[in-house]
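Take a look at the structure below.
Number of protein chains: 2
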Amino acid sequence: MRTAAVVTIGTELTTGLRQDTNGGAIARALRDAGYHVESITALPDDAAAVSVVLSALMARCALVVVTGGLGPTHDDITREAAAHALGRPLVRDAGIAVRLEDLARRHSAPDARERMLRQADVIEGARVIGATSGSAPGQVITAGEGRLVLLPGPPAEMHPMLDEVLASESAFAPPVRFRCTGISESDAQARVEPALADHPDVTLTLLAAPGEVEVVLFAPDAPASLQRARQAVRAALGIACFSEDGSSLPETVIGLARRRGERLALAESCTGGMASASLTEVPGASEVFLGGVVSYADALKSALLGVDATVLATHGAVSEAAARAMAEGALRLPGATLAASVTGIAGPGGGTADKPVGLVWFAVAAADGPTIAAERLLLGDRAAIRTRAAATLLDLLRLRMEGD
Amino acid sequence: MRTAAVVTIGTELTTGLRQDTNGGAIARALRDAGYHVESITALPDDAAAVSVVLSALMARCALVVVTGGLGPTHDDITREAAAHALGRPLVRDAGIAVRLEDLARRHSAPDARERMLRQADVIEGARVIGATSGSAPGQVITAGEGRLVLLPGPPAEMHPMLDEVLASESAFAPPVRFRCTGISESDAQARVEPALADHPDVTLTLLAAPGEVEVVLFAPDAPASLQRARQAVRAALGIACFSEDGSSLPETVIGLARRRGERLALAESCTGGMASASLTEVPGASEVFLGGVVSYADALKSALLGVDATVLATHGAVSEAAARAMAEGALRLPGATLAASVTGIAGPGGGTADKPVGLVWFAVAAADGPTIAAERLLLGDRAAIRTRAAATLLDLLRLRMEGD
Chain A
57 MRTAAVVTIG
67 TELTTGLRQD
77 TNGGAIARAL
87 RDAGYHVESI
97 TALPDDAAAV
107 SVVLSALMAR
117 CALVVVTGGL
127 GPTHDDITRE
137 AAAHALGRPL
147 VRDAGIAVRL
157 EDLARRHSAP
167 DARERMLRQA
177 DVIEGARVIG
187 ATSGSAPGQV
197 ITAGEGRLVL
207 LPGPPAEMHP
217 MLDEVLASES
227 AFAPPVRFRC
237 TGISESDAQA
247 RVEPALADHP
257 DVTLTLLAAP
267 GEVEVVLFAP
277 DAPASLQRAR
287 QAVRAALGIA
297 CFSEDGSSLP
307 ETVIGLARRR
317 GERLALAESC
327 TGGMASASLT
337 EVPGASEVFL
347 GGVVSYADAL
357 KSALLGVDAT
367 VLATHGAVSE
377 AAARAMAEGA
387 LRLPGATLAA
397 SVTGIAGPGG
407 GTADKPVGLV
417 WFAVAAADGP
427 TIAAERLLLG
437 DRAAIRTRAA
447 ATLLDLLRLR
457 MEGD
Chain B
57 MRTAAVVTIG
67 TELTTGLRQD
77 TNGGAIARAL
87 RDAGYHVESI
97 TALPDDAAAV
107 SVVLSALMAR
117 CALVVVTGGL
127 GPTHDDITRE
137 AAAHALGRPL
147 VRDAGIAVRL
157 EDLARRHSAP
167 DARERMLRQA
177 DVIEGARVIG
187 ATSGSAPGQV
197 ITAGEGRLVL
207 LPGPPAEMHP
217 MLDEVLASES
227 AFAPPVRFRC
237 TGISESDAQA
247 RVEPALADHP
257 DVTLTLLAAP
267 GEVEVVLFAP
277 DAPASLQRAR
287 QAVRAALGIA
297 CFSEDGSSLP
307 ETVIGLARRR
317 GERLALAESC
327 TGGMASASLT
337 EVPGASEVFL
347 GGVVSYADAL
357 KSALLGVDAT
367 VLATHGAVSE
377 AAARAMAEGA
387 LRLPGATLAA
397 SVTGIAGPGG
407 GTADKPVGLV
417 WFAVAAADGP
427 TIAAERLLLG
437 DRAAIRTRAA
447 ATLLDLLRLR
457 MEGD
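Written out as structure tokens, the structure reads:
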């Protein structure tokens, strides 16, 4: 595999004020295009330091992708640093300068105008990319055996340019990604490894996050083997896998509801609206998601969902009976055909010996069948328990619609 | 300022499968402790490559902090790489080994046991930190003028160890951070820069995210000037600033409600539960947040909030009248003393010439005063509009409770 390196420029990154998301996104695109990424380096806005690092990386990598520091202000030093590292001058691109003049004219201060025009400076011999979009273009410079690619920092400008650079290189098999829920990372590994025994050329990576495990298969140079491994792994994962096309769990649930003509309603207690919020992230969710109730206080469970106060008094708000009554209350909302509820103890306080932090009850009520309830003891801190509970709620809806 | 570098280890990072969050968090802690962070480098699980990078960084930095790769599996190579870079042997720490033996005994396979015990291997002369917590300890190695710190990757294990390492060094003035909302990044800059004119030794950084602008002042070596600048900037930001102690907007709202004895309820349409979910992220939210209604469909606005169907037919669901009726409906929920509503067009579809994508109406209804409504035209894509709308909703509650 050819070696690549990623460099992200910005003092906001090296001071920890801003989380770098470009570095990982670029590395992933490079990996998908068949590169081995040897490092992702964040550097401050310091032209001398950037120049030293770029020289070192260019000496050992086929491709170095740099993002950030191409804007108009004094701390945008990537052009100068790269020119210095390559030992080439900067030359002003007349076409880009004309385009920028328009913008520059709106600035009254002469120094602001000159700063704006710096974005038209390109390294001698560079191929300019993305020059029709706003502000700074990207640059691709071939030097010896290697290439240096300079891209702007804003992701919306950067990604199309990166795609353009990599478009000619994507003859590699992209990784296969199974998104799963309701299964632990180690269980997923135990299921998948036997399925891969006959495919030594396929690399397995597991990624766990609260409420989700992603199983990734890599074999950029062996597409046929990757396809066979895909089928074996898919079978091994069974119902735990909710998507093979990158769709999120909320997107999967919305898609299933649309195909089946369901109208969904939720009753959320410990998740406080997280499941509803995630469903409504999906554009067009309003076609199938009616809404629901965030019944954090018991009084709202009774007032809005018709949960009998004696159920709450007898069994408690975190109980099978309460979860069933909440789901059935949500199913009575006008138009609903399928409803689900969640009630649990997210912590850090509120746990008891009988009902510890992490205990969560769920129920699914449907117009065309019996109400099903499920209990889980979820692990982690408050945020993890809530995230897992919201994912479990959506997964129960998915499994109900898939007919399991 | 002394120079430091951060290294994060893991092939999942350099393949872009996992976003590195440790690197930025460590850099921030180092910056707050008065270090200049020269780079944050993510490297794959490759002992030879890691060793080369560590040698180079040790040669030029007073402090190198490495995270990840200290676990028990074959791809945990940080110990070996660091030992090689320093030219020192690994020695098995008897105390840690005894502690691990217990865990190791539960593994039947001898190779699993031996792998587990590798976590007791420390670099000769290292100071061991965090040895009482689970699994791998951290290590601090002094070599020449510099120090190398090895920390495990899981943030919950890493952060306490990092705090321990930096505890003795925090004689620097930490940065001042103002969290603001309802103001653009450029407006914030225009307000703050004049306030900083008399404080050339204070560095200003602005960080914008949908719904929030953070104003950060740095002057690690000039605490007196930083305090004066803090007062001037606080005055310049006015009501836009919701926290100086790092509290999030939901934490600020929950804290105000607790002090005033309010009981909050929400009626959310376009935000689909995001504001409720963010309030319930705060531990103890149940003391002041009752819950509310996700009234995505108009039928639920009427059924659960009592919004008159003629209001919806006459003015539409995205209107001042609908927002007012929703907030007043939420205020009628049992126990509520203060309620707020949001209804808008998040896009990408659904916009018209009269009511474009981004138009959002809000209302706040209180037991002790008139209902107030507010209209905003919010920018960005669906996710940004929803995030901004949820932040605006909470901010209107904050301003109402602060008496503005």
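Residue numbers (the numbering used here), protein chains in the order written: chain A, 57 to 460; chain B, 57 to 460. From the three backbone atoms N, C-alpha and C, an ideal C-beta is built for every residue, glycine too. Please read all numbers here as calculations on a predicted model, not as lab measurements.
For B/Gly202, the secondary structure class from DSSP, reduced to helix, strand or coil, is strand.
Contact annotation for B/Ala105 against chain A: Glu94 [CB-CB distance below 7 Å, chain order]. B/Thr64 has B/Ala98, B/Thr123 as its beta-bridge partners, per DSSP.
The beta-carbon of B/Thr261 is placed less than 8 Å from the nearest beta-carbon of chain A.
DSSP, reduced to helix, strand and coil, places B/Leu252 outside both helices and strands of the structure shown, so it counts as coil.
A check of alpha carbon separations from B/Ala192 across B/Val344, B/Arg233, B/Pro210 identifies B/Pro210 as the nearest. Against chain A, the CB of B/Gln245 has no partner CB under 8 Å away; the residue lies outside that interface.
Taking the CA atoms as reference points, B/Leu113 sits about 19 Å from A/Cys117. For B/Asp451, the nearest beta carbon of chain A is not closer than 8 Å to its own beta carbon.
Interface flag for A/Arg438 against chain B is set, since a Cβ pair is found closer than 8 Å. A residue is called buried when at least 16 other Cβ atoms come within 10 angstroms of its Cβ; A/Arg444 meets this threshold and is buried.
The beta-bridge partner set that DSSP reports for A/Arg183 consists of A/Val196.
Within the region 348–407 of chain A, the complete alpha helix (DSSP H) runs of at least 4 residues fall at 354–361, 365–371, 376–387.
The region 269–324 of chain A is shown to contain whole alpha helix (DSSP H) runs of 4 or more residues at 279–293, 305–316, in chain order. Contact check for A/Val196 and A/Val221: beta-carbon distance about 6 Å, within the 8 Å limit, so the pair qualifies. A/Asp301 and B/Ala98 have their C-alpha atoms some 28 Å from each other. Of the residues assessed, B/Gln287 falls on the exposed side of the cut-off, its CB having fewer than 16 other CB atoms within 10 angstroms. A distance of 8 Å or more separates the beta carbons of B/Leu415 and B/Ile428. The alpha-carbon separation between A/Gly294 and A/Arg235 amounts to approximately 11 Å. Counting only residues of its own chain and dropping the five nearest sequence neighbours on each side, A/Val309 has a CB closer than 6 Å to the CB of Leu450, Leu453, Arg454.
Residues of the region 296–329 of chain B with a C-beta atom less than 9 Å from some C-beta of chain A are Arg319, Ala321, Leu322, Glu324, Ser325, Cys326, Thr327, Gly328, Gly329, listed in chain order. Not a single CB atom of chain A sits nearer than 8 Å to the CB of B/Phe234.
In summary, the residues of the region 58–84 of chain B whose CB is separated from some CB of chain A by less than 9 Å are Val62, Thr64, Thr67, Glu68, Leu69, Thr70, Thr71, Gly72, Leu73, Arg74, Gln75, Asp76, Thr77, Gly79, Gly80, Ala81, Ile82, Ala83, Arg84, in the order they occur in the chain.
Annotated as proximal: A/Ser332 and B/Gly329, with beta-carbon spacing under 8 Å. Nearest CB-CB separation between A/Gly127 and chain B: not below the 8 Å threshold. Interface criterion met: the Cβ of A/Val272 is under 8 Å from a Cβ in chain B. With a threshold of 8 Å between beta carbons, B/Thr443 makes no contact with chain A. Look at A/Glu337 here: in three-state DSSP terms it is coil, with no helix or strand label.
Judged by beta-carbon spacing, B/Glu241 lies beyond the 8 Å limit of B/Val272, meaning their Cβ atoms are not closer than that value.
Taking every protein chain shown into account, the CB of A/Pro100 has 16 or more other CB atoms within 10 angstroms, so this residue is buried. Bridge pairing for B/Ile239: absent [DSSP]. Residue pairing of B/Asp177 in beta bridges, as defined by DSSP: B/Arg148. Going by beta carbons, A/Pro306 and A/Ala440 fall outside the 8 Å limit. C-alpha of A/Ala377 to C-alpha of A/Ala365: approximately 11 Å in a straight line. Shown here, A/Ala246 sits in a helix according to DSSP, grouped into three states. Residue pairing by DSSP places B/Ile428 opposite B/Val420 in a beta bridge.
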